[in-house]
Each structure stands twice: as C-alpha cells, then as structure tokens.
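Peer 1:
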Amino acid sequence: MKTDRFTIIMVIVTLACLFSTPTTVTGSYKDTTNIVPIPVSTEHRNGFFVFKPTIRIIAEQDAQTEASKLIDALAPAMGYRLKLASKARPKAKAVKLAIDERLSQLGGEGYILDVSTEQILIRAKQPAGLFYGIQTLLQLLPAPIFCKSVVKDINWKVPCLKITDYPRFQWRGLLIDPARHFIPVNDVKKFLSVMAMHKFNRLQVHLTDNIGWRIEIKKYPNLTKLASNRDRSGGKGGFYTQEEIRELVRYAEKRHITIVPEIEMPYHAGSAINAYPYIGINPSRVEGMSLDKRWAVLGGLAAPRPETVEFMQNVLAEVIELFPSRFIHIGGDEANLKLWENDPEMLKQMKQLGCKNAHELHSWFIKQMDTFLTRNSRRLLGWDEILQGGLASGATVMSWRGIQGGITAAKAGHDVVMAPTSHTYFDYRQAPAEKGLSRNVINLKKVYSFEPLPAELSNEQARHVLGGQAQLWGELIADQNRREFMAYPRACALIETVWSPKQLKNYKNFAFRLLHHLERLDAMVINYRQLD
Ligand code: ACM
Numbered sequence: 002m003k004t005d006r007f008t009i010i011m012v013i014v015t016l017a018c019l020f021s022t023p024t025t026v027t028g029s030y031k032d033t034t035n036i037v038p039i040p041v042s043t044e045h046r047n048g049f050f051v052f053k054p055t056i057r058i059i060a061e062q063d064a065q066t067e068a069s070k071l072i073d074a075l076a077p078a079m080g081y082r083l084k085l086a087s088k089a090r091p092k093a094k095a096v097k098l099a100i101d102e103r104l105s106q107l108g109g110e111g112y113i114l115d116v117s118t119e120q121i122l123i124r125a126k127q128p129a130g131l132f133y134g135i136q137t138l139l140q141l142l143p144a145p146i147f148c149k150s151v152v153k154d155i156n157w158k159v160p161c162l163k164i165t166d167y168p169r170f171q172w173r174g175l176l177i178d179p180a181r182h183f184i185p186v187n188d189v190k191k192f193l194s195v196m197a198m199h200k201f202n203r204l205q206v207h208l209t210d211n212i213g214w215r216i217e218i219k220k221y222p223n224l225t226k227l228a229s230n231r232d233r234s235g236g237k238g239g240f241y242t243q244e245e246i247r248e249l250v251r252y253a254e255k256r257h258i259t260i261v262p263e264i265e266m267p268y269h270a271g272s273a274i275n276a277y278p279y280i281g282i283n284p285s286r287v288e289g290m291s292l293d294k295r296w297a298v299l300g301g302l303a304a305p306r307p308e309t310v311e312f313m314q315n316v317l318a319e320v321i322e323l324f325p326s327r328f329i330h331i332g333g334d335e336a337n338l339k340l341w342e343n344d345p346e347m348l349k350q351m352k353q354l355g356c357k358n359a360h361e362l363h364s365w366f367i368k369q370m371d372t373f374l375t376r377n378s379r380r381l382l383g384w385d386e387i388l389q390g391g392l393a394s395g396a397t398v399m400s401w402r403g404i405q406g407g408i409t410a411a412k413a414g415h416d417v418v419m420a421p422t423s424h425t426y427f428d429y430r431q432a433p434a435e436k437g438l439s440r441n442v443i444n445l446k447k448v449y450s451f452e453p454l455p456a457e458l459s460n461e462q463a464r465h466v467l468g469g470q471a472q473l474w475g476e477l478i479a480d481q482n483r484r485e486f487m488a489y490p491r492a493c494a495l496i497e498t499v500w501s502p503k504q505l506k507n508y509k510n511f512a513f514r515l516l517h518h519l520e521r522l523d524a525m526v527i528n529y530r531q532l533d
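Quick note: the sequence shown uses the numbering used here, first residue 2, plus one each step.
(1) Which residues neighbour the ligand ACM when neighbourhood means a C-beta less than 6 Å away from any of its non-hydrogen atoms? List them by chain order.
(2) With distance defined between alpha-carbon atoms, name the residue in 65, 140, 160 and 195 nearest to residue 127.
(3) Pick helix, strand or coil for residue 295, following the three-state DSSP scheme.
(4) With distances taken Cα to Cα, identify the nearest neighbour of residue 496 among 197, 254 and 464.
(5) Have a look at the DSSP bridge pairing and note the partners of residue 400.
(6) Determine the closest residue to residue 46 out of 475, 117, 291 and 460, with distance taken between C-alpha atoms.
(7) When DSSP labels each residue in this structure, what does residue 246 get in the three-state scheme?
(8) Bridge partners of residue 42, per DSSP?
(9) Do you know how far the Cα of residue 167 is from the Cα of residue 108?
(10) Distance, Cα to Cα, residue 275 vs residue 355?
(11) Cβ atoms of residue 428 and residue 472: under 8 Å apart, would you say?
(12) Would you check if there are 3 or more beta carbon pairs closer than 8 Å linking the segment 389-397 to the segment 424-441?
(13) Measure the C-alpha to C-alpha separation of residue 413 and residue 447 and round it to an integer number of angstroms.
(14) Taking one C-beta from the segment 339-358 and one from the segment 269-285 each time, how about it: are there three or more such pairs within less than 8 Å?
(15) Is the beta carbon of residue 132 less than 8 Å from the beta carbon of residue 269?
(16) Can you check DSSP and say which residues form a bridge with residue 97?
(17) From the DSSP output, in three-state form, read off residue 338 for me.
(18) Evaluate residue 310 with the Cβ neighbour count: other Cβ atoms within 10 Å of its Cβ, from every protein chain shown; 16 or more gives buried, anything less gives exposed.
(19) Looking only at its chain, what residues have a beta carbon closer than 6 Å to the beta carbon of residue 143, apart from the 5 residues adjacent to it on each side?
(20) Would you mind reading off the limits of the alpha helix (DSSP H) that contains residue 500?
(21) So, is residue 501 buried or exposed, given that buried needs 16 or more other C-beta atoms within 10 angstroms?
(22) Rounding to the nearest angstrom, what Cα-Cα distance links residue 195 and residue 375 in this structure?
(23) CB of residue 494 to nearest heavy atom of the ligand PLP: below 7 Å?
(24) Would you check if the segment 325-339 and the segment 229-247 touch, i.e. whether three or more CB-CB distances between them fall below 8 Å?
(25) Note down the Cα distance separating residue 59 from residue 91, rounded to an integer number of angstroms.
(26) Which runs of the beta strand (DSSP E) at least 3 residues long sit entirely within the segment 326-375? Give them in chain order.
(27) Quick one: any contact between the segment 242-250 and the segment 290-302, if contact means 3 or more CB pairs under 8 Å?
(28) In angstroms with no decimal places, state the Cα-to-Cα distance between residue 120 and residue 230.
(29) According to DSSP, is residue 12 part of a helix, a strand, or is it coil?
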C-alpha cells in the first residue's frame, strides 16, 4: 500500500515537472540540449519547431548577411536551401533574425534565441550576436546537421525553449603554428570553421620562427625565396602569399574571428636573419658563406640596431595592411640576452641608449615596435618577457609562463590575455603514454579547471584580463590530423572557461554534454582524441 501511494505521488511529481512551463534547468542533467559552451540561461518549454523546405528565413537588411549564413549552414545536410525574405507571410512558420539596438545589456556578442512551435526568433544587438545565436541553433538540431552532404530520413526539429547568452570574456583564442610545420590554406579554413562553431573569436597565427618564414613581404623577397623553404621535419616548408592572407582574413571575418598575426622578434627570428644577415649579431661572421652554413652560425636572435628596427617596422607596415586585427603580436619571448652582453657592438649600443643591461635593450627594441604600431592605430601584443626591462606604454601582455606576468601587467594597468603553460599548452600530451612537447600532461579536466581571472585582482584590475587562449605549437604537430587530435576535445573545455559564466562550470555536467557534442564533431569529420 505504502509503495503504491509513493509510486502515485512520484508519477504526479514527474508529470508536473514535464508539463510545467517554463522550467529553468540551466546546467542540470535534465538539459538535453547539450550545448557547448553552456549558455548563460536556458528555459525549456514543450514541443518542437520542425523544419521543412517551405519555411522562410526572415531578416531585414541589417540581419540579412547573418541570415544567409544560416541558410548556407542548413543546406548541405537538409538538402534544400531555405528562402530569405524581409517579411513573414501571415500564419506561416518562420525563422526570424533581428538586430535589436535595445539589447545592449547583452553586449556585442550576446543573443536571445526563442523557439516556439511556430517561430524561431534570434535577436541580438550586433551581427556577431546573431552569428552566435545561429551557432547555438545549429547545435539544437540533430548532430548530422553538421554533415557536408545530404542526410536523409531525419526529422530536423528543435526543442522549444528560450536561451539568453553572452560571453564572459572578449578574447577567446587559439594559436596555430605554421612556422614549424606549414599549414595549407584549406586546413586553416577548416580549423577556423570548427572554432566558429564553438564561439572562439581569435586565431593567433605564429607566422615566423627560426625554422621558417611563412608570409610574403613584398619589400623583402628573400623572406619567401630563402627563408620559407624548410620545416621542422626536413620538409619543404611553404608560405602564404598576400592574396592568400587576404582570403584567410575574409574567411575568418565571415565567422566573426579575428586573425592575430605573430611576427617574432628579437628571438625566434632565425629565418629572417638568415635571409638578411645584416639584422643579426656580428654579420661579418657569415660573409661569403652558403645559406645552409649561415643558418647554423647566425642563430635566432636579431641585433637591435637601427637597421633592424627599420627592417621589422617595414615588415609590420605590410602586416598591418593585410590584417585588420587591432592587436599585432611581436613575440618577444625566450631571448638569450647573454648573446648581446657578449657582443662588443651590442654593448656599445646599450651604452649609447643608456640601457643598464640587456633586458633594457630588449625593452628599447620592443618599444620601437610599440611606437610604430601605436602611430598606426594598432596595439602591440607580446609574450610576458616583454615585462622585463620595462613594459612599453601601449603593450598588452600574453601571459604564458604561468599567470603571474598577467597579474603584474593588469596591476600596472595593461591589458592581458592568459595563456599559461599549466592549462593552455595544447602541444603538451593528454595522457602520460602519448607524445607531447613537455613531460607534463594537460588532460581535459585540467583544461576545464582553467580560470583566466586571478582572485587577487580588484574589479578595476580584472577589467584588463581580456580572456584566454590555448596554444598548438607546431614542433610535433606536422599535419591537420594531429592538430585536431591535440585541439579537440580540449578546446571544447577551454571555450567553456572563457564563454560561460563561472558559476555554471561543472566538469561532470560538461563531460555529459560532451558525449553528445562529439557526435557533432563526428559529423564535421574532426580527428578528435577519444575520451578516456
Ligand atoms: C612560448 O611558448 N615561448 C611563448
């Protein structure tokens, strides 16, 4: 008797739960939408919106560019292109996209997605918000929507709900490294598409290093003629023409991703020094030497004399013509400054400039780049070594040797991006038995525990933390398969640390959603690492 009454009560409670609307179940196991990254808030409702070929996409002029991206995204798997119109037909089911200036509380990247049985409505203050609303809508559809060819016999339906969403941080980045192993244009494009689907918005491209130079600079043809011809595995290297760079920038912009170029100096500059020895330390050493021999002698550290400053500024002048990114990364890391301290010309240069030590000379050199970039309405970004010897006034710091550099910079009123080796070096192995650039293991859980905002910063200082970024350094990443294996699913964990509210972070819940999310990555043919 007792059990029966209990059963009846449970049935009533369950039915009440099922039919009461709306229920806010953000982040709970009942959340069957499995969105990654988890949205700020989700109200579940009853029923489904079902797609069919007669459904119109409704958008006024200011939303039509994003609306056509939705049509493009749905067409391959559905097998039909939905029509775009500026007005809905009476009583007809529709998907509506609208720019709404009043939604300023959601910021430039936020959106509200409202799904009923009759209508899907995505509203945002700016096109980027509509784009992210579209990405969420795609994840609400069955996973095969991400297939590139027609998928038959699927009921393309979306659960009724209301999602309100906006990012926690404005910098949500990944870094790729074509300098160590060249990355063909089409591979970069695929990488960008997968990033966009996860709501990443910055791709830093490490275009130059000791081993190779990967960007055409018209003023210095030897950079591509000589300095682009090698890679870390003894391969032939490669480079992007300026036309290809423009194409990649356009491709990324369409997905609301900014490509941040990185031109390394004064160290990691070996390929440029080999092509133009006059920017190296004591170039007379290599007079008359063949290219291959030169390489071994010159090393990777440039000499900060005025001719080198002019060379690098000329390079940056072409770089800023190609990349609209406000931030231009100039590297600045890992310079062995003893090489300057042991060189008579550099000692003289330090004395002339009034530098007390090589750190100050390093800082002087970086400041020349900062002045140049500031004059051209851009901002210098550099690895945290640029703090040593005095930070350039306009500089933003990317903190990689832990987060301390970022804390110091934020306290001094500089913007920072957190990219510590401890959590965000995706060239490190995911399990002890795997290959990686370090013995350290950075598994999914470790990435998920990343917190970009150090507790010790005041509110005012915290505003300087722009966000976080993971690095896929290319020494051991020779092709796209390996890159995808190292990037996913760790990037799924990372995006949740920089997009979703901190209070919604829950690893178990994430791992549960990820199981479903991996079906989406399967549909996109991503070579992600299998879960343990
Ligand atoms: C770095 O990993 N050297 C920034």
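The C-beta atom is built at its ideal place from N, Cα and C for all residues, glycine as well.
Computed from a prediction, not measured in an experiment: that's the story for all the values here.
Peer 2: On the basis of the coordinates in this document:
(1) 334, 335, 384 and 401
(2) Translated into positions along the sequence shown, residue 127 becomes position 126. Nearest option by C-alpha distance: 65.
(3) Sequence index remark: in the sequence shown, residue 295 carries index 294 (1-based). Helix at residue 295.
(4) Within the sequence shown, numbered from 1, the residue matching residue 496 stands at position 495. Selected option, being the one with the closest Cα: 197.
(5) Start at 1 with the first residue of the sequence shown, and residue 400 comes out as number 399. According to DSSP, which records beta bridges pairwise, residue 400 is partnered with 419.
(6) As a working mapping, residue 46 is identified with position 45 in the sequence shown. With distances taken between Cα atoms, residue 46 lies closest to 117.
(7) Along the sequence shown, one-based indexing puts residue 246 at 245. Helix at residue 246.
(8) If you number the sequence shown from 1, residue 42 lands on position 41. 165.
(9) If you number the sequence shown from 1, residue 108 lands on position 107. If you number the sequence shown from 1, residue 167 lands on position 166. Approximately 7 Å between the Cα atoms of the pair.
(10) Locating residue 275 in the sequence shown gives position 274, where the first residue counts as 1. Locating residue 355 in the sequence shown gives position 354, where the first residue counts as 1. Their Cα atoms are separated by approximately 29 Å.
(11) Residue numbering aside, residue 472 sits at position 471 when the sequence shown is read from its first letter. Residue numbering aside, residue 428 sits at position 427 when the sequence shown is read from its first letter. In this structure, residue 428 lies closer than 8 Å to residue 472 by Cβ.
(12) no
(13) To locate residue 413, count along the sequence shown from 1; it is residue 412. To locate residue 447, count along the sequence shown from 1; it is residue 446. Those two C-alpha atoms are separated by around 29 Å.
(14) yes
(15) Your numbering for residue 132 matches position 131 in the sequence shown. Your numbering for residue 269 matches position 268 in the sequence shown. No, the Cβ-Cβ distance between residue 132 and residue 269 is not below 8 Å.
(16) Here residue 97 refers to the residue found at position 96 when the sequence shown is read from its first residue. Partner(s): 59 and 122.
(17) One-based indexing of the sequence shown puts residue 338 at position 337. Here residue 338 sits in coil by DSSP.
(18) Here residue 310 corresponds to residue number 309 of the sequence shown, with the count starting at 1. So residue 310 counts as buried.
(19) On the sequence shown, position 142 is the one that residue 143 refers to. Counting only Cβ-Cβ distances below 6 Å, and skipping sequence neighbours, we find 155.
(20) Here residue 500 is taken as the residue at index 499 of the sequence shown, counted from 1. That run of the alpha helix (DSSP H) goes 491-500.
(21) Here residue 501 corresponds to residue number 500 of the sequence shown, with the count starting at 1. It is buried - the Cβ of residue 501 has at least 16 other Cβ atoms within 10 Å.
(22) Along the sequence shown, read from residue 1 onward, the residue named residue 195 stands at position 194. Along the sequence shown, read from residue 1 onward, the residue named residue 375 stands at position 374. In a straight line, the C-alpha of residue 195 is about 33 Å away from that of residue 375.
(23) Judged by which ligands are present, the ligand PLP is missing from the structure shown, whose ligands are the ligand ACM.
(24) no
(25) Locating residue 59 in the sequence shown gives position 58, where the first residue counts as 1. Locating residue 91 in the sequence shown gives position 90, where the first residue counts as 1. Their backbone Cα atoms lie some 12 Å apart in a straight line.
(26) 328-332
(27) no
(28) Here residue 120 refers to the residue found at position 119 when the sequence shown is read from its first residue. Here residue 230 refers to the residue found at position 229 when the sequence shown is read from its first residue. For residue 120 and residue 230, the distance between alpha carbons rounds to 55 Å.
(29) The sequence position of residue 12 within the sequence shown is 11, counting from 1. Here the model assigns residue 12 a pLDDT of 41, short of 50, so the residue's position is not dependable, and the following value carries that caveat. If DSSP states are grouped into helix, strand and coil, residue 12 belongs with the helices.
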